[in-house]
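> I have a structure I would like to understand better, so I am pasting it below and will then ask my questions one at a time.
Residue numbers (the UniProt record's numbering): 1 to 430.
Now the structure itself:
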């Protein structure tokens, strides 16, 4: 009984008057955050609710246009956005959560991983604004709890390869469909689904007999989301680079090459890439929340320049002081003979494991813009970041003679990789 009285006192302290178009949503989450210990005690005393959490009065959700917007902006304000982020532990998740937190949004971190893997997200927002809920993609009740009070849902869940517990179909298609359907039932105003550039029903075969299953499953996931939530915003990013990424670090790590030999399909000269910086993609996702032209559209998140893969990889190795003249670096074709040599090498187990072949297949797909799709510039993201401004810093830890204090001009300048303009709907250069 004492716990119930404390709970009522907290309700009175944070109560607001309900007016047309308003919501008790911020009250609900502040109440749940500040009185968590009292609610747990109430549950032990036979309090309300099966899990000790009292059912709050039902009210209309706040509009993302800001009918509950409070403050002058920043982390200590309320932007009117209550967003559930699925897949927060991935590469892009922390960037999205930080953008939401610093603009004063409430964020529900719906994670499948260990809680310690996402605990750093707590400092992205003000006190009580970053909340956690553990989910299972096959458990609809856990997903419903995550989106119950949200007006925005952002699905960042994805896998590069299948695991023994989840196939690509279960993650990219079935899981995406389930989130979209439950979001529609909960009255979510804006659903943003992260897909992949070049996603298509029948990917072009390069090495594997059926092409990239990753791209095919991403395409089927888009169709599933469209069936359940027609107004969903589909974001199709190209290869994303940034701190601890899976693009630049993929090529510079030792496991990708065989000693000094870097095998690439057709020596990398038949593939063109248009990488995009992680912060630009995150900013595009945030701008898509309020954009009036985004609902129901596909948005290609690509960088400002296109690079030939061979030139890009050579440039990375020049930055690492591993040029052919200094280190004996060799870039060559990934032909059947080379594959056989890799398979027969003692390092095969960790250099090219079974899960890596899907990644190898996907890396040789040339980036192509989706006909009729929007881009980051349409969302107001200007001054996109080129690779030459960031990659030298990203690969610095992998440089040869890293602890050697060199004289000015002692090592040759790596220069910048040849590129072409990444203008909208640019024609393929091959």
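All residues carry an ideal CB built from backbone N, CA and C; glycine is no exception. Since the model is a prediction, treat every value here as computed from it, not as a measurement.
1) Give me the Cα-Cα distance between residue 328 and residue 215, rounded to the nearest whole angstrom.
2) Is residue 273 helix, strand or coil when you go by DSSP?
3) What is the rounded straight-line gap between the Cα of residue 75 and the Cα of residue 119?
4) Looking at the structure shown, is residue 142 part of a helix, part of a strand, or coil, going by DSSP?
5) Around the C-beta of residue 346, are 16 or more other C-beta atoms found within 10 angstroms, so that it is buried, or is it exposed?
6) What is the DSSP secondary structure of residue 412, reduced to helix, strand or coil?
7) Residue 234 lies in the beta strand (DSSP E); which residues open and close that run?
8) Using C-beta distances below 7 Å, list every residue in its chain close to residue 77, excluding the 5 sequence neighbours before and after it, in chain order.
9) Could you have a look at residue 392 and say whether DSSP puts it in helix, strand or coil?
10) Would you grab the beta carbon distance between residue 143 and residue 182 for me? Rounded to a whole angstrom, and I think it's under 8 Å.
11) Going by C-alpha distance, which of 286, 213, 419, 184 is nearest residue 156?
12) Answer yes or no: does any C-beta atom of chain C fall closer than 8 Å to that of residue 291?
13) Compute the distance between the beta-carbons of residue 395 and residue 252, then report whether it is under 8 Å.
14) Excluding the 5 residues flanking residue 373 on each side, which residues of the same chain have their C-beta closer than 6 Å to its C-beta?
15) Ignoring anything shorter than 4 residues or poking outside the region 133-219, list the alpha helix (DSSP H) runs there in chain order.
16) Which of the three DSSP states, helix, strand or coil, is assigned to residue 131?
17) From which residue to which residue does the beta strand (DSSP E) around residue 507 run?
18) Output the distance between the C-alpha atoms of residue 401 and residue 84, rounded to the nearest integer angstrom.
19) Going by C-alpha distance, which of 148, 366, 278, 381 is nearest residue 131?
20) Which of the three DSSP states is assigned to residue 317 in this structure?
21) Hey, would you say residue 276 sits closer than 8 Å to residue 375, going by beta carbons?
22) Identify whether residue 430 lies in helix, strand or coil by the three-state DSSP scheme.
23) According to the Cβ coordinates, are residue 206 and residue 146 closer than 8 Å?
24) Assuming residue 89 contacts residue 168 under a Cβ cut-off of 8 Å, what Cβ separation, rounded to an integer in Å, is found between them?
25) Considering only the beta carbon of each residue, do residue 138 and residue 197 sit closer than 8 Å?
26) What does a CB cutoff of less than 6 Å around residue 475 pick up in its chain, not counting 5 residues either side in sequence?
27) From residue 403 to residue 319, what does the alpha carbon distance come to, in whole angstroms?
28) Assuming residue 176 and residue 110 form a contact by the criterion Cβ under 8 Å, report the distance between their Cβ atoms to the nearest whole angstrom.
29) Give me the residue from 358, 204, 96, 393 with the minimum Cα distance to residue 163.
30) Provide the residue span of the alpha helix (DSSP H) that contains residue 280, from first to last.
31) Determine, using beta carbons only, whether residue 268 and residue 322 come nearer to each other than 8 Å.
32) Would you report the Cα separation of residue 362 and residue 245, rounded to the nearest angstrom?
33) What is the DSSP secondary structure of residue 118, reduced to helix, strand or coil?
34) Buried or exposed: residue 382, going by 16 or more other Cβ atoms within 10 Å of its Cβ?
35) How close, in whole Å, do the beta carbons of residue 390 and residue 241 come, if the pair is a contact with beta carbons under 8 Å?
36) Which value, in whole angstroms, describes the spacing of the CA atoms of residue 97 and residue 413?
In brief:
1) 35 Å
2) strand
3) 18 Å
4) helix
5) Confidence at residue 346 is low in this model, with a pLDDT of 42, below 50, so the placement of that residue should be treated as unreliable; the coordinate-derived value is given next. Burial call: exposed.
6) coil
7) 233-237
8) 70, 71, 104
9) helix
10) 5 Å
11) 286
12) Among the chains in the structure shown there is no chain C, since it carries only a single protein chain.
13) yes
14) 298, 300
15) 140-147, 175-185
16) strand
17) This structure leaves residue 507 out entirely; the chain is present only between 1 and 430.
18) 45 Å
19) 148
20) helix
21) no
22) With a pLDDT of only 36 at residue 430, under 50, the local geometry of the prediction cannot be trusted, and the value read off the model is given with reservation. Residue state, collapsed to three classes: coil.
23) no
24) 18 Å between Cβ atoms; not a contact.
25) no
26) A question about residue 475 goes unanswered here, because the residues of the chain that appear run from 1 up to 430.
27) 15 Å
28) In fact, because the Cβ distance is near 14 Å, the residues do not count as touching under 8 Å.
29) 358
30) 278-290
31) no
32) 16 Å
33) coil
34) exposed
35) 7 Å
36) 37 Å
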